[in-house]
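Numbering (the numbering used here), first residue to last: 597 to 838. All residues carry an ideal CB built from backbone N, CA and C; glycine is no exception.
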C-alpha cells in the first residue's frame, strides 16, 4: 500500500506438458491480477498452426488486425507485432514464433477471467465452403425454377446481411469457396456444350411457297353452289418439269 504509485512489471512464463486437444471449441483461462484490479488495456496474441483458423471472435474482445494480402491469400494481419507488444509492455524480447503461423491479436479491458472461441482446420473450411458453393451452382444450372429473379434477389439480400453481421467469417468463407465456384463454372460450360449437341444442327425454315414450287402436284379450287368459295384440293399428277 505504501508504494501504490510505482510501476511494476510482472512477467510469467509457464509450460503446458499435456498435448493440446483437438480443434473446435477452445476455452482458455486468462491471467488475473486480483478481484479489485481494473485492467485498463490487455492485448492477447494467439498463435495457431498455419492450417488452423479462428472462425468466431471471443466474446468481450475486439479484433486488432486488418485484412490484407498474405502471400497469395487474403488474410488477417495483426496491428501490432510480437516485438511491438513486448516493447509496449516493457517485457524481454523473445524469439518471434509467429513467422509462418496464423497470428491473431485481440484486445479488451476490465476483468475477463476466461474466453471462448472456435477454430477449424483449413481443409474442413475449404471443403465445407466449396461444397456448398458447388451444390448451389448445380441447382442453378439444372433447376430452372431457382433462377427466378425473386429467388436470386432473396439470396443476395441474405448474403449481404450475413456479411454485415459477421464480416470476418463471411470473408473467410467466400475465399474458401473459390474452388467450388471454379467447379460450378466448369459444370456450366459442360452443360452448355451438351445442350448444343442434343439440339443438333439447325434445320432451315422452308416456306410454303417453296414447297408449292417444288411440288409435282397441282391444287385446283372450285366454287361451291351457294356462292361461297371454299378450297378443295384435288391432286392431279403431272409430269415433272426439266
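Less than 7 Å between C-beta atoms, sequence neighbours within five positions excluded: which residues of the same chain meet that for residue i?
i	result
residue 603	none
residue 623	710 and 712
residue 675	660, 661, 662 and 701
Using three-state DSSP, classify residue i as helix, strand or coil.
i	result
residue 658	strand
residue 592	Look at the range of the chain in this structure, 597 to 838, and you will see that residue 592 is not part of it.
residue 673	strand
residue 651	strand
residue 719	helix
residue 731	helix
residue 793	helix
residue 764	helix
residue 738	helix
residue 607	coil
residue 708	coil
residue 631	coil
residue 786	helix
residue 619	coil
residue 637	coil
residue 602	coil
residue 613	coil
Starting from the C-beta of residue i, find all residues in its chain whose C-beta is less than 6 Å away, skip the five residues before and the five after it, and write them out in chain order.
i	result
residue 775	726
residue 610	none
residue 792	none
residue 721	772
residue 759	766
Taking residue i as the reference, which of the options has the closest Cα?
i	options	result
residue 790	738, 731, 771 and 645	738
residue 770	736, 784, 786 and 723	723
residue 762	653, 632 and 627	653
residue 784	718, 765 and 736	736
residue 605	655, 683, 646 and 647	683
residue 728	625, 601 and 777	777
Tell me residue i's beta-bridge partners as DSSP assigns them.
i	result
residue 698	644
residue 664	671
residue 753	DSSP output for residue 753 lists no bridge partner at all.
residue 679	DSSP lists no partner for residue 679.
residue 714	621 and 652
Tell me which same chain residues have a C-beta within less than 8 Å of the C-beta of residue i, skipping the five on either side of it?
i	result
residue 692	677, 678 and 679
residue 620	714, 715 and 716
residue 657	640, 702, 703, 704, 708 and 711
residue 635	629, 704, 705, 706, 707 and 708
residue 663	670, 671, 672, 673 and 767
residue 650	642, 644, 698, 700, 713, 714 and 715
residue 734	780 and 783
residue 746	none
residue 608	627
residue 647	717, 718 and 719
residue 696	646
Is the closest heavy atom of the ligand MN to the C-beta of residue i under 8 Å?
i	result
residue 767	Only the bare structure without any ligand can be found here, which leaves the ligand MN out of the picture.
- Task: Flag this pair as touching only if the region 699 to 711 and the region 636 to 650 have three or more C-beta atom pairs under 8 Å; answer yes or no.
- Result: Pairwise C-beta distances place the region 699 to 711 in contact with the region 636 to 650, as three or more of them are shorter than 8 Å.
- Item | the region 684 to 695 contacting the region 739 to 753, beta-carbon criterion three pairs below 8 Å | Short answer: they don't touch.
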